[in-house]
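Asker:
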Amino acid sequence: MLKLAFRNILRNKRRTILTMLSMFGGYVLLTLSISVQNGSYVQVIDFFTRDSTGHAQISEVGYQDKPTLYKSVPETTDFYQQLMQVDGVQRATPRIVSSALAYGETKSFPVQVIGVDVEKEARMSFLEEKVKTGQYLEVGPDSDGYYSALIGAAVARQLSLEMGDELILISQGADGSMANDLYRVVGVVGSTEGAEARNVYLPLAAAQSFFVMPEQAHYWAVLTSDYERSDQLSQRLNSWLDGDSELEAVTWKVVSKEFYETMKADVEGGYVAYYIIIFLVCIGVLNTVLMSVLERTGEFGVLKAIGTSPGRVFTLIVTETLMLAVLSCLAGLIVAMPINYYLAAVGFVLPEPMEVSGVIMSHMKGLWDVKTFMEPALIVIGSAALISLFPARRAAKIVPVDAMRSL
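Everything in the sequence shown is counted per the UniProt record's numbering, starting at 1 for the first residue and increasing by one.
Here you go:
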């Protein structure tokens, strides 16, 4: 059957080439589309989780549903050392997050205050890289006793603050007292439209003192090797926290539901392009295979007249189409591999840079993995097999006497 199918493929080279070009083009386009789309998603999600949420967070039960100043986790050396011993944990940093009213010389502005461990945060996120003007935070106070503060671009603009200016923050402490203190502006982060525009970053010790949260934080952001392992990380952290019913670990998907849902919707939107490519491939294959069956009506009549069963005729047509699909995918693989390798290794420059978590991304890379090459092959071969069923059924139902009249 394979030998006969191969002979039939070679008999009409023009039709064979047209069919293969349709499937070859579909395979290459699908491979490149999947590589670029998945590569961009991996890059964006990796940027976001590493800089903002972490791959998982440890917080007091209920904090993620309703963040509040009064729900906290331990921020001690002992807790950190035990956390770092959990399998899969690579980095971790504590953060305090709450709101405050910021004052410049003549104006006030509502801000979000984020207390960070200066050294741990620099190793984990891109906060230090996002400093546009000035410098990164200092761990301790300066010679005048002021702690340093990084402010968002919108805060700097609204309060007309520059490097070295004093920033006054007023809020409420975790003990119910009035919180107010003075800080020295050392840097501006992000842009006026970025995620950090309204943020004020303080060293953790300064935030703990300001909000009256000694040796406490609102959550620990934890990183593992890859964001795709976040579910495993969360399970291991919860196993480690099993003895403490007040704390829980959740993945970045729970922490930032809106971002996760947006990415899911974007992925689903990308399927439209895949469906269009698949549709075009199917139309091309159906057209050429159906023409082949019509042109070979007399041949199929002879085959059936000499005793060939309808099942074997049906199988012959499907086999021919599958052979063309496999050969097309192999040819497409030879072309797509070097292109995808270039996209994964070098990437391409975006026409318009985009901002992700306050970091400007002007360069994207494709994704190089087995799935990128296997999925299009399965789609093309599967579509070809499905489309060939109708012409194959038509050929199998040919009546020998009627068919041989066309000879």
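Backbone N, C-alpha and C define an ideal beta-carbon position, used for all residues, glycine too.
#1: Rounding to the nearest angstrom, what Cα-Cα distance links Ser72 and Pro353 in this structure?
#2: My output table needs one value for Phe211: the three-state DSSP class, helix, strand or coil.
#3: Looking only at DSSP bridge pairs, what is Thr321 linked to?
#4: By Cβ distance, which residues of its chain are closer than 6 Å to Leu286, with the 5 residues on each side in sequence left out?
#5: Whose C-beta lies closer than 8 Å to the C-beta of Ser157 among residues of the same chain, with five residues either side of it excluded?
#6: Taking just the CA atoms, how far does Ala122 sit from Pro141?
#7: At the level of alpha carbons, what is the spacing between Asp65 and His218?
#8: State the start and end residues of the unbroken alpha helix (DSSP H) segment that holds Ile127.
#9: Smallest Cα separation from Val349: which of Val36, Glu75, Val250 and Thr133?
#10: Taking DSSP as the reference, what is the three-state secondary structure of Asn340?
#11: How about the region 206-225 and the region 21-32: do they share at least three Cβ pairs that are nearer than 8 Å?
#12: Okay, do the region 82-90 and the region 153-172 touch, 3+ Cβ pairs below 8 Å being the bar?
#13: Which residues in the same chain have their Cβ closer than 7 Å to the Cβ of Val281, if we skip the five residues on either side of it in sequence?
#14: Going by beta carbon distance, what residues of the same chain come within less than 8 Å of Leu32, once the five residues before and after it are set aside?
#15: Which parts of the region 99-183 are runs of the beta strand (DSSP E), unbroken and 3 residues or longer, counting only runs that do not cross its ends?
#16: Along the chain, where does the alpha helix (DSSP H) that runs through Leu247 open and close?
#17: Candidates Ile34, Ala179 and Asn12: which alpha carbon is nearest Glu375's?
#18: Looking at the unbroken beta strand (DSSP E) that takes in Glu60, where does it start and where does it end?
#19: Counting C-beta neighbours from all protein chains within 10 Å, is the total for Lys130 16 or more, i.e. buried, or is it exposed?
#20: In the structure shown, what three-state DSSP assignment does Glu268 receive?
#21: What is the DSSP secondary structure of Ala197, reduced to helix, strand or coil?
#22: On a Cα-Cα basis, can you pick out the residue from Thr68, Tyr136 and Leu127 that is closest to Ala195?
#23: In its own chain, which residues sit with a C-beta less than 6 Å from the C-beta of Phe210, not counting the 5 before and 5 after it?
#24: Taking Cβ to Cβ, would you say Trp252 is nearer than 7 Å to His55?
#25: Using only the alpha-carbon positions, how far apart do Val250 and Ala207 sit?
#26: Determine the direct distance from the alpha carbon of Leu204 to that of Phe79, and round the result to whole angstroms.
#27: For a test of the three-state rule: what should DSSP assign to Thr224, helix, strand or coil?
#28: How far does the alpha helix (DSSP H) with Arg394 in it extend, from its first residue to its last?
#29: Output yes or no for whether 7 Å exceeds the beta carbon distance between Leu137 and Val155.
#30: Excluding sequence positions up to five away, which residues of its chain have a Cβ less than 6 Å from the Cβ of Ala92?
#31: Please look up how many angstroms separate the CB atoms of Leu150 and Gly187, rounded, as I've assumed it's under 8 Å.
#32: From the DSSP secondary-structure annotation, give me the bridge partner or partners of Ala205.
#33: I need the boundaries of the alpha helix (DSSP H) containing Asp242, first residue and last residue.
#34: Going along the chain, which residues of its own chain have a beta-carbon closer than 7 Å to the beta-carbon of Val254, five neighbours each way excluded?
#35: Taking C-beta to C-beta, are Thr53 and Ser256 nearer than 7 Å?
#36: Does the Cβ-Cβ distance between Thr319 and Val289 come in under 7 Å?
Answerer: The relevant details are as follows:
#1: The alpha-carbon atoms of Ser72 and Pro353 are separated by roughly 38 Å.
#2: Note: Phe211 maps to coil in three-state DSSP.
#3: Under the DSSP definition of a beta bridge, Thr321 lacks any partner.
#4: Here Leu286 has Ile387 as same chain residues with Cβ atoms under 6 Å from its own Cβ, once five neighbours each way along the sequence are excluded.
#5: First, the amino acid is wrong: residue 157 is Arg here, not Ser. Excluding sequence positions up to five before and after Arg157, its CB lies within less than 8 Å of the CB of Thr192, all in the same chain and listed in chain order.
#6: Between Pro141 and Ala122, the C-alpha separation is close to 18 Å.
#7: If you draw a straight line from the Cα of Asp65 to the Cα of His218, it is about 13 Å long.
#8: According to the sequence as given, residue 127 is Leu; it is not Ile. First-last for Leu127: undefined, no H or E at that position.
#9: Answer by Cα proximity: Val36.
#10: In this structure, Asn340 counts as helix in the three-state DSSP scheme.
#11: With the cut-off at 8 Å, the region 206-225 and the region 21-32 do not touch.
#12: Fewer than three pairs of CB atoms, one per stretch, sit closer than 8 Å, so the region 82-90 makes no contact with the region 153-172.
#13: Spatial neighbours of Val281 in its own chain (CB-CB distance under 7 Å, excluding positions within 5 residues in sequence) are listed in chain order as Ser22, Met23, Gly26, Val380 and Ser383.
#14: Within its own chain, the residues whose Cβ lies closer than 8 Å to the Cβ of Leu32, once the five positions on either side in sequence are excluded, are Ala336, Ile339, Asn340, Leu343 and Gly366, listed in chain order.
#15: For the region 99-183, the full-length beta strand (DSSP E) segments reaching 3 residues or more read 108-116, 131-134, 147-152 and 166-172 along the chain.
#16: From DSSP, Leu247 is part of no alpha helix (DSSP H) but of the beta strand (DSSP E) over Leu247 to Thr251.
#17: Shortest Cα-Cα distance from Glu375 to any of Ile34, Ala179 and Asn12 involves Ile34.
#18: Here the beta strand (DSSP E) through Glu60 covers Ala56 to Glu60.
#19: Result: buried.
#20: Helix, per DSSP.
#21: Of the three classes helix, strand and coil, the one that applies to Ala197 here is coil, per DSSP.
#22: The option with the nearest alpha carbon to Ala195 is Leu127.
#23: Closer than 6 Å at the Cβ level, and outside the excluded window around Phe210, lie Ala179 and Asp181.
#24: Between Trp252 and His55, the gap from beta carbon to beta carbon is short of 7 Å.
#25: Within the model, the alpha-carbon separation for Val250 versus Ala207 is close to 24 Å.
#26: Distance between the alpha carbons of Phe79 and Leu204: 16 Å.
#27: Three-state result, Thr224: coil.
#28: Looking at the DSSP string, the run of the alpha helix (DSSP H) that includes Arg394 is Val370 to Ala396.
#29: No Cβ-Cβ contact shorter than 7 Å links Leu137 with Val155.
#30: Leu83, Trp220 and Val222, listed in sequence order.
#31: Between Leu150 and Gly187 the beta-carbon gap is near 5 Å, inside 8 Å, which marks them as a contact.
#32: Residue pairing for Ala205: DSSP places it in no beta bridge.
#33: From DSSP, Asp242 is part of no alpha helix (DSSP H); its letter is neither H nor E.
#34: For Val254, where only same-chain residues beyond five positions count, the Cβ hits under 7 Å are Gln64.
#35: A contact, by the Cβ cut-off of 7 Å.
#36: No; because the gap between Cβ atoms is not below 7 Å, this pair is not in contact.
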